[in-house]
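Residue numbering for the sequence shown follows my numbering, starting at 3 and increasing by one per position. Yeah, the Cβ is synthetic: ideal placement off N, Cα and C, and Gly gets one too. Note sheet for the following structure.
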Amino acid sequence: MQHRHLIAPSLLACDFSQLREELRAIEKAGAAWAHFDVMDGAFVPNISIGLPILEACRKNTLLTLDVHLMVQNPERYLEQFAAAGADILTIHAEATAHAHRAVQMIKNLGKRAGLAINPGTPIEAFRPLLPDLDLILVMSVNPGFGGQQFIPSSLERLQQAARLRDQLNPQCLLEVDGGVNQKNIHSIALAGADILVAGSAIFSAPSIRENFAALQAKLEGREMLIAPSGTATNESMTLEFTEETS
Ligand code: DX5
Ligand code: ZN
3 MQHRHLIAPS
13 LLACDFSQLR
23 EELRAIEKAG
33 AAWAHFDVMD
43 GAFVPNISIG
53 LPILEACRKN
63 TLLTLDVHLM
73 VQNPERYLEQ
83 FAAAGADILT
93 IHAEATAHAH
103 RAVQMIKNLG
113 KRAGLAINPG
123 TPIEAFRPLL
133 PDLDLILVMS
143 VNPGFGGQQF
153 IPSSLERLQQ
163 AARLRDQLNP
173 QCLLEVDGGV
183 NQKNIHSIAL
193 AGADILVAGS
203 AIFSAPSIRE
213 NFAALQAKLE
223 GREMLIAPSG
233 TATNESMTLE
243 FTEETS
């Protein structure tokens, strides 16, 4: 099944003192999703944002909130993250001995369920749960920090994940997270990723709007159109992403 590619800005790189404005800016730039990174200081060596900030996002945006739980034993918090406004809850295969139970919990909470794997985990880890999943996430950096370099072998891992997905659950979305930028986004999409998370490539200079448009243009393998005023335009921004999960 052909999925439409979609860029999901990672809020980890945003200015949290201006959260509402940052959400507005990614909406205006054409994003349909916002990626929300939760780090617990145990599963990953960093602490980021959690429930109250997710609630604040939910109150201020209709974007699909794609919550990436880099949390040990995430089943302890699924109910709270669902109540705080997550649309998608993605857990790590390495973070629990009970991934199957956690995925069932997410589905029973009425949310879409995702499973993520670190760069050192075999793609086969998706196999047992794939028929139940709405999303699989191939990490292209070791999770814990924004602004890292894309690990090149992730391209082949994405191809493998795409094949497994096509075989077992063609509706499931394939997401990639870490080090996505203007230079590599096209090859990453060609390798099979549907959802491309980008943090620093979105929230750095010159502006969210220009970065998003430039990434979208590269993603589609075309050059950016520069309007006479010198402002960047991007005709594809008006296209709607069709939800293909059921
Ligand atoms: C890393 C996070 C990513 C991160 C991506 O642990 O899961 O979502 O914010 O940031 P960039 O795009 O800067 O690599
Ligand atoms: Zn993430």
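Task: Residues sharing a beta bridge with Thr92, DSSP - done: On the sequence shown, residue 92 is found 90 positions in, with the first residue counted as 1. Among the bridge pairs identified by DSSP, Thr92 is matched with His70, Gly116.
Task: Contact belief for Ile9 with Leu221 at Cβ below 8 Å, rounded distance in angstroms - done: On the sequence shown, position 7 is the one that residue 9 refers to. On the sequence shown, position 219 is the one that residue 221 refers to. Right, their Cβ atoms sit about 7 Å apart.
Task: Val46 CB to nearest heavy atom of the ligand FAD below 7 Å - done: In terms of ligand content, the structure shown lacks the ligand FAD and carries the ligand DX5 and the ligand ZN instead.
Open item on the list: Residues in the same chain with beta-carbon distance under 6 Å from Val105, minus the five sequence neighbours each way, listed in chain order, please.
Closed with: What you label residue 105 is simply residue 103 of the sequence shown in a count that begins at 1. Around Val105: Ala115, Leu131, Asp134.
TODO: Please say whether Arg78 and Arg67 have beta carbons closer to each other than 8 Å?
DONE: Sequence index remark: in the sequence shown, residue 67 carries index 65 (1-based). Sequence index remark: in the sequence shown, residue 78 carries index 76 (1-based). Sequence inspection shows Leu at residue 67; the Arg mentioned does not correspond to that position. Cβ atoms of Leu67 and Arg78: not closer than 8 Å.
Open item on the list: Considering only the alpha carbon of each residue, which of Gly87, Pro54, Leu176, Asp17 lies closest to Ala118?
Closed with: The residue labelled residue 118 in the question sits at position 116 within the sequence shown. That would be Leu176, whose Cα lies nearest to the Cα of Ala118.
- [ ] State the Cα-Cα distance for the pair His94 and Lys30, rounded to the nearest angstrom.
- [x] Translated into the one-based positions of the sequence shown, residue 94 becomes position 92. Translated into the one-based positions of the sequence shown, residue 30 becomes position 28. In a straight line, the C-alpha of His94 is about 31 Å away from that of Lys30.
Task: Expected contact under 8 Å - CB spacing of Phe205 and Ala33 to nearest Å - done: Your numbering for residue 205 matches position 203 in the sequence shown. Your numbering for residue 33 matches position 31 in the sequence shown. That pair is no contact at about 12 Å.
Open item on the list: For Ile28 and Ala15, which I take to be in contact (beta-carbon distance under 8 Å), what is that distance rounded to the nearest angstrom?
Closed with: Looking up residue 28 in the sequence shown gives position 26. Looking up residue 15 in the sequence shown gives position 13. With 8 Å as the limit, Ile28 and Ala15 do not qualify as a contact, their Cβ atoms being about 11 Å apart.
Open item on the list: Does Ser231 pass the burial test, meaning 16 or more other C-beta atoms within 10 Å, or should it be called exposed?
Closed with: The residue given as residue 231 occupies position 229 in the sequence shown. The predicted model places Ser231 with a pLDDT of 47, which falls under 50 and marks its position as unreliable, so this point remains unresolved.
- [ ] Decide if Ser19 is buried, meaning its Cβ has at least 16 other Cβ atoms within 10 Å, or exposed.
- [x] The residue given as residue 19 occupies position 17 in the sequence shown. It counts as exposed.
Open item on the list: Is the beta carbon of Val178 closer than 8 Å to that of Ser156?
Closed with: Counting from 1 along the sequence shown, the entry for residue 156 is found at position 154. Counting from 1 along the sequence shown, the entry for residue 178 is found at position 176. Yes, Cβ-Cβ distance for Ser156 and Val178 is below 8 Å.
Open item on the list: In this structure, how does DSSP classify Phe152 when only helix, strand and coil are distinguished?
Closed with: For this step, residue 152 is matched to residue 150 along the sequence shown. When DSSP states are grouped into helix, strand and coil, Phe152 belongs to the coil group.
Task: Between the CA atoms of Gln169 and Glu57 - distance to the nearest angstrom - done: Counted from its first residue, the sequence shown places residue 57 at position 55. Counted from its first residue, the sequence shown places residue 169 at position 167. Each residue's alpha carbon lies about 37 Å from the other.
- [ ] Output yes or no for whether 8 Å exceeds the beta carbon distance between Thr98 and Asn75.
- [x] The residue given as residue 98 occupies position 96 in the sequence shown. The residue given as residue 75 occupies position 73 in the sequence shown. Their beta carbons are under 8 Å apart, which means Thr98 touches Asn75 by this criterion.
- [ ] Following the continuous alpha helix (DSSP H) through Ala101, name the residue where it begins and the one where it ends.
- [x] Here the question's residue 101 lines up with position 99 in the sequence shown. Ala101 -> alpha helix (DSSP H) spans 101 to 110.
- [ ] Take Ala86 and list the residues in its own chain whose beta-carbon comes closer than 6 Å to its own, dropping the five residues that flank it on each side.
- [x] As a working mapping, residue 86 is identified with position 84 in the sequence shown. Once the five neighbours on either side are set aside, the close Cβ partners of Ala86 are Leu53, Leu56, Glu57.
Open item on the list: In whole angstroms, give me the CA-to-CA distance for Gln161 and Ala127.
Closed with: Numbered from its first residue, the sequence shown carries residue 161 at position 159. Numbered from its first residue, the sequence shown carries residue 127 at position 125. Going by the C-alpha atoms only, they are around 15 Å apart.
TODO: Consult DSSP for Ser50 and reduce its assignment to one of helix, strand or coil.
DONE: The count along the sequence shown starts at 1 and reaches residue 50 at position 48. Ser50 sits in coil when the DSSP states are folded into three classes, being neither helix nor strand.
Task: Same chain, Cβ closer than 6 Å to Gly146, five either side skipped, listed in chain order - done: Walking along the sequence shown from the start, residue 146 turns up at place 144. Here the set comprises Val46, Pro47, Asn48.
- [ ] Out of Asp136, Gly181, Pro172, Ala216, state which residue places its alpha-carbon closest to the alpha-carbon of Pro154.
- [x] Numbered from its first residue, the sequence shown carries residue 154 at position 152. It is Gly181 whose Cα lies nearest to the Cα of Pro154.
Open item on the list: Assuming contact is defined by CB atoms lying nearer than 8 Å, are Leu65 and Leu21 in contact in what I supplied?
Closed with: Against the sequence shown, residue 65 aligns to sequence position 63. Against the sequence shown, residue 21 aligns to sequence position 19. No, Cβ-Cβ distance for Leu65 and Leu21 is not below 8 Å.
Open item on the list: Can you tell me whether His37 is helix, strand or coil according to DSSP?
Closed with: Walking along the sequence shown from the start, residue 37 turns up at place 35. Strand, per DSSP.
- [ ] To the nearest angstrom, report how far apart Ala164 and Asn171 are at their CA atoms.
- [x] Numbered from 1 along the sequence shown, position 162 holds the residue referred to as residue 164. Numbered from 1 along the sequence shown, position 169 holds the residue referred to as residue 171. Approximately 10 Å between the Cα atoms of the pair.
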